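For the sequence shown, the working numbering begins at 62 and goes up steadily by one. We treat Cβ as the ideally placed atom computed from N, Cα and C, and that holds for glycine. Note that the structure is predicted; figures quoted are calculated from it, not measured.
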Amino acid sequence: MSTQTPESFEWTDLDRRAVDTARLLAADAVQKVGNGHPGTAMSLAPAAYTIFQKVMKHDPADPEWTGRDRFVLSPGHTSLTLYTQLFLAGYELELDDLKAFRTQGSKTPGHPEYGHTAGVETTTGPLGQGAANAVGMAMAARYERGLFDPEAPEGTSPFDHTIWAIVSDGDLEEGVSAEASSLAGHQKLGNLVFLYDDNHISIEGDTATALSEDALKRYEAYGWHTQRIEPTADGDVDVPALHAALEAAKAETGRPSIIAMRTIIAWPAPTAQNTEASHGSALGDEEIAATKRVLGFDPEQTFEVSDEVLRHARRALDRGAEAHAAWDKKIAEWRTAQPGRAELFDRVSKGELPEGWQDALPVFEEGKSVATRAASGKVLQALGPVLPELWGGSADLAGSNNTTIDKTSSFLPKGNPLPEANPYGRTVHFGIREFSMAAEMNGIALHGNTRIYGGTFLVFSDYMRNAVRMSALMQLPVTYVWTHDSIGLGEDGPTHQPVEHLASLRAIPGLNVVRPADANETSIAWAEILKRHATDPAPHGLALTRQGVPTYAPNEDAAKGGYVLADSSTEVPEVIIMATGSEVQLAMAARDALEAEGTGTRVVSMPCVEWFDQQPAAYRESVLPAAVKARVSVEAGIGLTWYRYVGDAGRIVSLEHFGASADANALFAEYGFTPENVAAAARASLAAARA
């Protein structure tokens, strides 16, 4: 899509009419359903139209085009800002979809949803996260360029594109956007542009109730390029000034850009403009009719779109096809010049893994004590050379999380003084910003063409939780490496010892929590996560030990989420002990004691209950026969997960309180995580089953 330079910029009567059409479509859509957010969609219509029609490179006929710019609407409550532009530009939305706004099964839900509506690049609504998603997309765009076309001069590669985001007061107030914006400035992400809708209105009224900072000075301190534009005398957006600012931001490639644009919410509604009521309530029939008169529309009509306006706006399809054809020519030339990288691009873009990749996976010596966090690090280092698309890092805990895939290559911009700095580096330093790390990882996954992971301590998943929830909601293949997974971390004490976290994370639908028992389960788990990337995309959280645990013989059934690690000496087990992570060794020792007493005991390692629940019923029955009522679960966390597995006669060895600062072995003993206590629980369960 060819963009207009400031010198060639045209703003015709049809452009103005198309913008006014979008304003009124937003007002009518909210009025029809009776709820929603009309005001911001009305005042942002000129800005969104300018981006979609005059500036952004996109093809409405191919919303997944690799060469496109990305657009993020961070204030997702103003979803009609996006829906009206998708409709006008010729994406899959039609007028009936706008009429069905916020109704069951429509393509226009209350907040934009990724994968539900063509042209929606990310699910937004929880404020601040869309801004962080955009930062992640900009990071991914740079890493993608490094994979496929690193030597091309700036602005000449088919992989060069811009990430555009509209952000609001609410986005900038949320701490996650500050975390992400700080990192974006440090990374000098010159392919990122924020348009800040500075409308001075929040739900509680004028933003003077809670906000008085100079946002542009803050962003200047972050290292961003800043601009401000004021409204016209009558209160509307100054479109020529906006267009010039957007083009200047795009031209600034050495740092990210933010444009503060003063708007009047609900402009030009005669009495609703500049009021908090217009933020989240329908304007009412009389106010909408009055607004239509102001704009020269028929007040008796609703959802009015003239054929002339629609033809004019849908020229975006022609411009998109033109831009796409030019990109196709450029990518064809690149393929000829770079056949090896073209082959890599084809594999990565399909989500496929290279032939023989599993040969690189380490197999760990049986009997050796290895922390699963250390095993995970060995897996990453082994996979690095064969999976160049795999990259990631940590929230300043790389040495503890073992997330450094290549210590000689850090993802850092030109000009960074560190000797390992490389704008296309493998190892990401997210800084002490857990929440934004997770949201940025979502943006990286949404951008596509790479595989991302990020680490911190399991207890700090609390900081990340809403972004992890968004990973699951969007079914994004991001991998969280959460280490120090229990009281086994010892002396750091209860502030750092996770107790409720495993059960709490398992409560998120669509998140697979993987807590491997040993080094070989860790390797098998990583392999399964990588296999599922394209075939069954979902976020995964690896919960890994700080302390060493015994290594068992590898068993590929670990990829099924639960399997028989050690079977009963009897044909049918009398009791089943199921455990995860560092507690599997306790189950194995308890089995030895019970078997010595003549009690047939099966040990089931259950690294991932979500994977196990996905298996066929026959397999699950073979591991956990329904006829065996005596069951024990062992996990150093609250027992909430395990009631459905142990049944009425079962016993749960769990931790229902916070830990303490002490040696890990002392804590395990004090809190009942011993072979003796597990064996006692098994005997109690046997008695209950026989009663």
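Residue closest to residue i, alpha-carbon to alpha-carbon, out of the options
| i | options | result |
| --- | --- | --- |
| Phe364 | Asp232, Arg84 and Lys411 | Arg84 |
| Leu441 | Asp379, Ile590, Ala327 and His304 | Ile590 |
| Pro301 | Thr606, Phe70 and Glu671 | Phe70 |
| Pro668 | Val645, Asn483, Glu155 and Arg681 | Val645 |
| Glu737 | Glu658, Gly698 and Ala650 | Ala650 |
| Phe673 | Arg652, Asp618, Pro484 and Asp724 | Asp618 |
| Val684 | Phe491, Pro634 and Ser522 | Pro634 |
| Tyr514 | Glu495, Asp523 and Gly720 | Glu495 |
| Leu716 | Ala730, Ala595 and Ala90 | Ala730 |
| Thr164 | Tyr704, Trp388, Asp123 and Val91 | Val91 |
| Ala88 | Ala333, Met498, Lys118 and Glu552 | Ala333 |
| Ala304 | Glu413, Glu347 and Met117 | Sequence inspection shows His at residue 304; the Ala mentioned does not correspond to that position. With distances taken between Cα atoms, His304 lies closest to Met117. |
| Tyr10 | Gly571, Gly549 and Ala432 | This structure leaves residue 10 out entirely; the chain is present only between 62 and 752. |
| Arg402 | Ala750, Glu308, Tyr204 and Asp210 | Asp210 |
| His601 | Met639, Leu626 and Ser522 | Ser522 |
| Tyr144 | Thr169, Arg131 and Asp130 | Thr169 |
| Gly95 | Ala343, Tyr283 and Ser746 | Ala343 |
| Pro99 | Trp452, Pro136, Leu208 and Ala79 | Pro136 |
| Pro173 | Asp628, Val575, Asp157 and Gln146 | Gln146 |
| Ser410 | Ala269, Thr127, Pro555 and His373 | Thr127 |
| Gln419 | His594, Ala691 and Ile585 | Ile585 |
| Asn510 | Pro449, Leu473 and Asp76 | Pro449 |
Endpoints, beta strand (DSSP E) assigned at residue i
| i | result |
| --- | --- |
| Asn573 | Asn573 to Val575 |
| Gly602 | His601 to Leu605 |
| Ile224 | Ile224 to Ser229 |
| Arg512 | Arg512 to Phe518 |
| Gln288 | His286 to Ile290 |
| Asp258 | Leu253 to Asp259 |
| His490 | Thr488 to His490 |
| Ala588 | First-last for Ala588: Ala580 to Thr596, but that is the alpha helix (DSSP H), not the beta strand (DSSP E). |
| Thr544 | Thr540 to Thr544 |
| Ala321 | Ser318 to Arg323 |
| Ser455 | Leu451 to Ser455 |
Supposed close pair residue i, residue j - CB separation, criterion 8 Å
| i | j | result |
| --- | --- | --- |
| Ala568 | Gly642 | No, Ala568 and Gly642 are not in contact; Cβ-Cβ is about 18 Å, not under 8 Å. |
| Leu507 | Leu537 | 7 Å |
| Thr488 | Leu519 | Their Cβ separation, rounded to whole angstroms, is 21 Å, which puts Thr488 and Leu519 out of contact at 8 Å. |
| Val16 | Ala743 | This structure leaves residue 16 out entirely; the chain is present only between 62 and 752. |
| Asn463 | Arg434 | 5 Å |
| Gly189 | Gly97 | That pair is no contact at about 21 Å. |
| Thr82 | Leu105 | The Cβ separation is near 14 Å, so there is no contact. |
| Gly516 | Val539 | The pair is not a contact, with the Cβ atoms about 12 Å apart (cut-off 8 Å). |
| Ala640 | Ala648 | 4 Å |
| Ser746 | Arg712 | 5 Å |
Exposure of residue i, with buried meaning 16 or more beta-carbon neighbours within 10 Å
| i | result |
| --- | --- |
| Asp368 | exposed |
| Val688 | In the sequence as displayed, the identity of residue 688 is Ala instead of Val. Under this definition Ala688 is an exposed residue. |
| Val355 | exposed |
| Thr183 | buried |
| His718 | exposed |
| Val693 | buried |
| Ile264 | exposed |
| Arg206 | buried |
| Asp120 | buried |
| Glu404 | exposed |
| Ala241 | buried |
| Val237 | buried |
| Leu728 | buried |
| Arg316 | buried |
| Ala312 | exposed |
| Thr469 | exposed |
| Ile227 | buried |
| Ala752 | exposed |
| Tyr624 | buried |
| Lys690 | buried |
| Gln362 | exposed |
| Tyr704 | exposed |
| Val298 | buried |
First through last residue of the alpha helix (DSSP H) which encompasses residue i
| i | result |
| --- | --- |
| Pro400 | Pro400 to Ser410 |
| Phe113 | Segment: none, Phe113 is in no alpha helix (DSSP H) and carries neither H nor E. |
| Leu505 | It is worth fixing the name first, because residue 505 is Ile in this sequence and not Leu. Ile505 -> alpha helix (DSSP H) spans Glu495 to His508. |
| Tyr624 | Not the alpha helix (DSSP H): Tyr624 falls in the beta strand (DSSP E), residues Tyr624 to Ala627. |
| Phe132 | Phe132 -> not in any alpha helix (DSSP H); beta strand (DSSP E) instead, spanning Arg131 to Leu134. |
Residue i at chain D interface by Cβ criterion, 7 Å
| i | result |
| --- | --- |
| Lys475 | The structure shown contains no chain D; it is built from a single protein chain. |
Problem set entry | Minimum length 4: unbroken alpha helix (DSSP H) runs contained in the segment 325-374 | Those alpha helix (DSSP H) runs which fall completely within the segment 325-374 and span 4+ residues are 338-341, 346-356 and 368-374.
For this session: List in chain order: all unbroken beta strand (DSSP E) runs of 3+ residues lying wholly within the segment 638-681.
Result: The beta strand (DSSP E) runs lying completely inside the segment 638-681 and spanning 3 residues or more are 662-666, given in chain order.
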